[in-house]
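First up is the structure itself, then whatever we jot down about it.
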Amino acid sequence: MQLIDFILHIDKHLTGMVGSFGIWTYVILFLIIFIETGLVIFPFLPGDSLIFAAAALSANANAKLNVWLLLTIFILAAVIGDSVNYELGEHLSNYATKQSFLKKFINQDQLYDAHVFFEKHGGITVVIGRFIPFIRTFVPFVAGSGSMHYKRFLIYNILGATLWVALFTTTGYLFGNIPAVQKHFSLIVIGIIIVSAIPAIVGLVKGRNKK
Numbered sequence: 006m007q008l009i010d011f012i013l014h015i016d017k018h019l020t021g022m023v024g025s026f027g028i029w030t031y032v033i034l035f036l037i038i039f040i041e042t043g044l045v046i047f048p049f050l051p052g053d054s055l056i057f058a059a060a061a062l063s064a065n066a067n068a069k070l071n072v073w074l075l076l077t078i079f080i081l082a083a084v085i086g087d088s089v090n091y092e093l094g095e096h097l098s099n100y101a102t103k104q105s106f107l108k109k110f111i112n113q114d115q116l117y118d119a120h121v122f123f124e125k126h127g128g129i130t131v132v133i134g135r136f137i138p139f140i141r142t143f144v145p146f147v148a149g150s151g152s153m154h155y156k157r158f159l160i161y162n163i164l165g166a167t168l169w170v171a172l173f174t175t176t177g178y179l180f181g182n183i184p185a186v187q188k189h190f191s192l193i194v195i196g197i198i199i200v201s202a203i204p205a206i207v208g209l210v211k212g213r214n215k216k
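Going by our numbering, the first residue of the sequence shown is number 6, and it counts up by one from there.
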């Protein structure tokens, strides 16, 4: 419940965070984005809404947050997080396939299919996956386990992270302090989550229809 409250009232919580931690707020924001993108077990942490809210807060001179510094730390957190997630996927996959006990639980055909998929469509998947909650946490892990070449992954990782952070930082900074947006900030956050989740829902429905 506390997590839901944090997400829905993220603007108020960020204001309190800045007041309590000052410059250390940048470190906390970095860690949240890093953990959301870098550790596959934390896909529920806020990403889009956090970047939007932080950028909106930075537009207020009294908030003492620099939008350019926010842009930089968010991009770094997203790139490093995905890289760590990729390494986890690669190493755990390699380890599991070499262990006779764990190997029984791995579908080699699916692992091969993942490899083929990321060889063909890995780049665009990494970029688009950035904009979809939950999916963005799993894409780099699967890319690593699917043996997508790291240099190629890194290029699209940087591209996707830059586009993702730039989009929500810009919109937050430009529109976050409009009175109507401030008044209905919780609804805006819910809207961001719903709109971001639409591609995943559409993909799921199409997948079921094909089956």
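We treat Cβ as the ideally placed atom computed from N, Cα and C, and that holds for glycine.
Identify whether Asn71 lies in helix, strand or coil by the three-state DSSP scheme. Here the question's residue 71 lines up with position 66 in the sequence shown. In the structure shown, Asn71 sits in coil (DSSP, three-state: anything other than H, G, I, E or B).
One question on the structure: do Ser150 and Leu97 come within less than 8 Å of each other, judged by their Cβ atoms? Taking the first residue of the sequence shown as 1, we reach residue 150 at position 145. Taking the first residue of the sequence shown as 1, we reach residue 97 at position 92. Their beta carbons are under 8 Å apart, which means Ser150 touches Leu97 by this criterion.
Distance check for Ser25 and Leu168, CA to CA, integer angstroms please. What you label residue 168 is simply residue 163 of the sequence shown in a count that begins at 1. What you label residue 25 is simply residue 20 of the sequence shown in a count that begins at 1. Approximately 31 Å, taken between the alpha carbons.
So what does DSSP say about Met153, is it helix, strand or coil? On the sequence shown, position 148 is the one that residue 153 refers to. Three-state result, Met153: coil.
Quick check for students: name the residue ranges of the alpha helix (DSSP H) that lie wholly in the stretch 136-206, counting only runs of 4 or more. Uninterrupted alpha helix (DSSP H) stretches at least 4 residues long and entirely within the stretch 136-206 occur at 140-150, 155-180 and 184-188, given in chain order.
Starting from Ala58, follow the alpha helix (DSSP H) in both directions and report where the run begins and ends. The sequence position of residue 58 within the sequence shown is 53, counting from 1. Asp53 to Ser63 is the span of the alpha helix (DSSP H), which, as asked, contains Ala58.
Answer with buried or exposed for Gly128, where buried requires no fewer than 16 other C-beta atoms within 10 angstroms of its C-beta. The residue given as residue 128 occupies position 123 in the sequence shown. Buried, because 16 or more other Cβ atoms sit within 10 Å of the Cβ of Gly128.
Phe243, DSSP secondary structure in three states: In the structure displayed, the chain extends from 6 to 216; residue 243 sits before or after that span and is not available.
Residue nearest to Glu134 in terms of C-alpha spacing, selected from Pro48, Leu36 and Ile37: On the sequence shown, residue 134 is found 129 positions in, with the first residue counted as 1. Position check: residue 134 holds Gly in this sequence, whereas Glu was assumed. Of Pro48, Leu36 and Ile37, the residue nearest in Cα terms is Pro48.
Assigned secondary structure, Val45 (DSSP; H/G/I helix, E/B strand, else coil): The sequence position of residue 45 within the sequence shown is 40, counting from 1. Residue state, collapsed to three classes: coil.
Could you tell me the distance, in whole angstroms, from the CA atom of Ile163 to the CA atom of Val84? Numbered from 1 along the sequence shown, position 158 holds the residue referred to as residue 163. Numbered from 1 along the sequence shown, position 79 holds the residue referred to as residue 84. The straight-line gap from Cα to Cα measures roughly 6 Å.
To the nearest angstrom, report how far apart Ile183 and Gly21 are at their CA atoms. Walking along the sequence shown from the start, residue 183 turns up at place 178. Walking along the sequence shown from the start, residue 21 turns up at place 16. Distance between the alpha carbons of Ile183 and Gly21 is about 20 Å.
With DSSP collapsed to three states, give me the class of Leu50. On the sequence shown, position 45 is the one that residue 50 refers to. Leu50 falls in the coil class under three-state DSSP.
Given a cut-off of 8 Å, decide if Ile33 and Gly52 are closer than it, judged by their beta-carbon atoms. As a first step, residue 52 must be located in the sequence shown, where it is residue number 47. As a first step, residue 33 must be located in the sequence shown, where it is residue number 28. The Cβ-Cβ distance between Gly52 and Ile33 does not fall below 8 Å.
Pairwise C-alpha distance: Ile197 and Lys17: If you number the sequence shown from 1, residue 17 lands on position 12. If you number the sequence shown from 1, residue 197 lands on position 192. Whole-angstrom Cα-Cα distance: 17 Å.
Please classify Val131: is it buried, with 16 or more other beta-carbons within 10 angstroms of its beta-carbon, or exposed? Sequence index remark: in the sequence shown, residue 131 carries index 126 (1-based). Within 10 angstroms of the beta-carbon of Val131 lie 16 or more other beta-carbons, which makes it buried.
Take Gln187 as the anchor and find which of Ala61, Thr42, Val23 and Ile56 has the nearest alpha-carbon. Taking the first residue of the sequence shown as position 1, residue 187 is located at position 182. Comparing Cα positions, the closest option is Ala61.
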